[in-house]
Amino acid sequence: MSGIKRSADELTQFGVKLELFLFDTEGAASFTENTAKILENPPAGVLLAPWISREAKSFTSKLDALGIPYVYIDSNLKDTNPVSFIGQNSFQSGHLAAKLLNYGLPEERIFLLVHIGRELDNQNHLHQREQGFYDFFNEKSIQQNIIKIEIQESETELKEQMAAKSLCPEKVDCIYVTNSRVHLIAGYFASLNLHPRIVGYDLIPPNVKMLEKEAIDFLLCQNPEEQGYRALNALFDNVLRKQPVEKENFTSIDIITRENLQYYSAV
0 MSGIKRSADE LTQFGVKLEL FLFDTEGAAS FTENTAKILE NPPAGVLLAP
50 WISREAKSFT SKLDALGIPY VYIDSNLKDT NPVSFIGQNS FQSGHLAAKL
100 LNYGLPEERI FLLVHIGREL DNQNHLHQRE QGFYDFFNEK SIQQNIIKIE
150 IQESETELKE QMAAKSLCPE KVDCIYVTNS RVHLIAGYFA SLNLHPRIVG
200 YDLIPPNVKM LEKEAIDFLL CQNPEEQGYR ALNALFDNVL RKQPVEKENF
250 TSIDIITREN LQYYSAV
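Under numbering that gives the first Met the number 0, the sequence shown has 116 at position 117, and the numbering climbs by one with no breaks.
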């Protein structure tokens with residue numbers, strides 16, 4: 000958010016006014032309510048994180064009909080018409096997660112791929128990460144036992160799903176959590192004094208705490224400030240300057256460990 004605000008401050012001299020609409024990142028109702036408010040007073044352009052796929056497609060189709068340009072941040076969405084996308088390549092980040100977890104391991108190890116959240120089938124970026132994860136093993140013809148688990152947020156759900164799959168925590172070698180809630184999984188295994196190799200996302204405080212304790216091995220991070228800054232500038236260039244902008248602008252995938260954590264800022 001700070002990058003968007005910084006760009007808006009710089010563009011104020013050109014008459015740019017920023018209005019924020021915040022929604023629950025997993026709540027379709029919250030997203031729909033806020034996008035309806037946007038359409039009540041149509042803006043010159045929209046910055047959007049299209050995490051909730053179906054509702055985002057419905058909203059952007061209305062923007063298309065009104066001729067309102069929009070730029071995606073963080074997640075890209077197929078079969079839509081954004082002016083530009085600024086963010087990580089979700090597929091490649093999943094591919095990288097698999098490479099980090101698999102490094103130095105023999106085959107036939109047990110990997111958990113964990114999605115945490117509500118309405119998971121509607122979260123496009125998580126599925127792209129999953130596809131990238133599987134692609135690594137398929138591309139390299141590496142045989143690992145990958146078990147997918149989907150939970151909302153509770154440790155109880157994790158225990159129940161692992162029991163249903165006849166999977167003992169002690170047998171798990173590696174874990175890939177596809178979003179920032181990796182601290183929940185790391186905390187559970189740490190409470191059992193177990194230390195599988197774990198990769199997740201984002202420098203939020205609970206993840207930083209687990210990284211410092213080495214309960215998380217790697218965090219894959221993006222620079223949200225840079226994304227927001229570049230996204231609003233791209234929209235400005237398109238709307239007011241009438242300049243063409245790059246359709247896809249991928250940002251770096253930073254690998255954060257306990258050793259280099261001090262050089263990065265937590266969200």
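All C-beta atoms in this analysis are idealised placements derived from N, C-alpha and C, irrespective of residue type, glycine included.
Helix, strand or coil at residue 20 according to DSSP, with G and I counted as helix: Coil at residue 20, not helix or strand.
With 16 other Cβ atoms within 10 Å as the buried cut-off, status of residue 259: exposed
Alpha-carbon spacing of residue 246 relative to residue 191, whole angstroms: The straight-line gap separating the alpha-carbon atoms of residue 246 and residue 191 is approximately 47 Å.
Same chain, Cβ closer than 8 Å to residue 263, five either side skipped, listed in chain order: Excluding five sequence positions before and after residue 263, the CB atoms of its chain that fall closer than 8 Å to its own CB belong to 202, 220, 253, 255, given in chain order.
Residue environment, residue 135, which counts as buried when at least 16 other CB atoms sit within 10 Å: buried
Counted within 10 angstroms of its Cβ, other Cβ atoms place residue 194 as buried (16 or more) or exposed: Residue 194 is exposed by the Cβ-count criterion.
Assigned secondary structure, residue 122 (DSSP; H/G/I helix, E/B strand, else coil): Residue 122: strand per DSSP, three-state reduction.
Element boundaries [beta strand (DSSP E), containing residue 253]: 253 to 255 is the span of the beta strand (DSSP E), which, as asked, contains residue 253.
Cβ neighbours of residue 22 in the same chain (closer than 6 Å, five flanking residues each side left out): 29, 30, 33
Contacting residues, own chain, Cβ-Cβ under 8 Å from residue 20 (five flanking each side not counted): The answer, listed in chain order, is 33, 34, 36, 37.
Ordered list of alpha helix (DSSP H) runs contained in the stretch 123 to 201, each at least 4 residues: 123 to 139, 154 to 163, 181 to 190
For residue 114: DSSP bridge partner residues: Residue 114 is bridged to 149.
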